Amino acid sequence: MAEQQQDAFAWFHGYVGTCVAEHDVDRRMPPVDPDGDYVVTWGGSPLYVTAVDAAVRTARVWAVAASGLQSRVALLREINDLNLEMPLVTVVLSRWGSVLVSSFLVAEAVNPAAMAHAVDAVGSCAEHVGVLLAGVHGGQDAFATTRSA
């Protein structure tokens, strides 16, 4: 039984990569980092797509929007407000001071169109949230180097 679950997850992981590749102009499989995440470039900055093997199998699309932020009430309120305004993505402050933007797709909903939508939603949100939060609350905008190039 455990072997069947591993095989099913291996298939799902590969299928997630195939769906991500459909978003690529050349339809190439994206590179995989040491953690097993697919690395996608959006606007010149990295986004990650993770196949999650849990009680509910999902694909998580995520990006770092800003880093070097300190947990302060004003920042946390701003993040709460962003989460209320954007139903397709979630914005969180990690314990390391990075703001992450993510979206989850349950396994049954993973397909090339849904993956493209999730990648675009996370990339667009991360770019804008990074500018906003780093500008107002300090820290570094993770997408700044790609905009200045």
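Start counting the sequence shown at 5; every next residue gets the next number (this note's numbering).
Using N, Cα and C, we set each Cβ at its ideal position, and we do this for glycine too.
Here the structure is a predicted model, which means the values were calculated and not measured.
### Query
What whole-angstrom Cβ distance do Leu86 and Val77 have, given they're in contact under 8 Å?
On the sequence shown, position 82 is the one that residue 86 refers to. On the sequence shown, position 73 is the one that residue 77 refers to. The pair is not a contact, with the Cβ atoms about 15 Å apart (cut-off 8 Å).
### Message
Short of 6 Å in beta carbon distance, which residues of its chain neighbour Arg31, apart from the five on each side in sequence? Order them along the chain.
### Response
Here residue 31 corresponds to residue number 27 of the sequence shown, with the count starting at 1. The answer, listed in chain order, is Ala25.
### Query
Taking buried to mean at least 16 other C-beta atoms within 10 Å of its own C-beta, is Glu7 buried or exposed?
Residue numbering aside, residue 7 sits at position 3 when the sequence shown is read from its first letter. Glu7 is exposed by the Cβ-count criterion.
### Message
For Val68 and Gln9, I'd like the C-alpha separation in whole angstroms.
### Response
Taking the sequence shown and counting its residues from 1, the one referred to as residue 68 is at position 64. Taking the sequence shown and counting its residues from 1, the one referred to as residue 9 is at position 5. So the two alpha carbons sit approximately 31 Å from each other.
### Query
To which residues does DSSP link Tyr19 through a beta bridge?
One-based indexing of the sequence shown puts residue 19 at position 15. Paired residue(s): none; Tyr19 is not in a bridge.
### Task
Find the nearest neighbour of Val20 within the set Gly134, Val140 and Val110, judged by alpha-carbon distance.
Here the question's residue 20 lines up with position 16 in the sequence shown. When each option's Cα is compared against that of Val20, the closest is Val110.
### Query
Leaving out five residues before and five after Ile125 in sequence, what residues of the same chain have Cβ atoms less than 7 Å from its Cβ?
Translated into the one-based positions of the sequence shown, residue 125 becomes position 121. Correcting the residue type first, residue 125 is Ala in the shown sequence and not Ile. Leu92, Val93 and Ser107, listed in sequence order.
### Query
Taking buried to mean at least 16 other C-beta atoms within 10 Å of its own C-beta, is Glu89 buried or exposed?
Position 85 of the sequence shown, counting from 1, holds the residue named residue 89. Exposed, since its Cβ has fewer than 16 Cβ neighbours within 10 Å.
### Query
Does the distance from the C-beta atom of Gly48 to that of Gly127 stay below 8 Å?
Translated into positions along the sequence shown, residue 48 becomes position 44. Translated into positions along the sequence shown, residue 127 becomes position 123. Contact: no.
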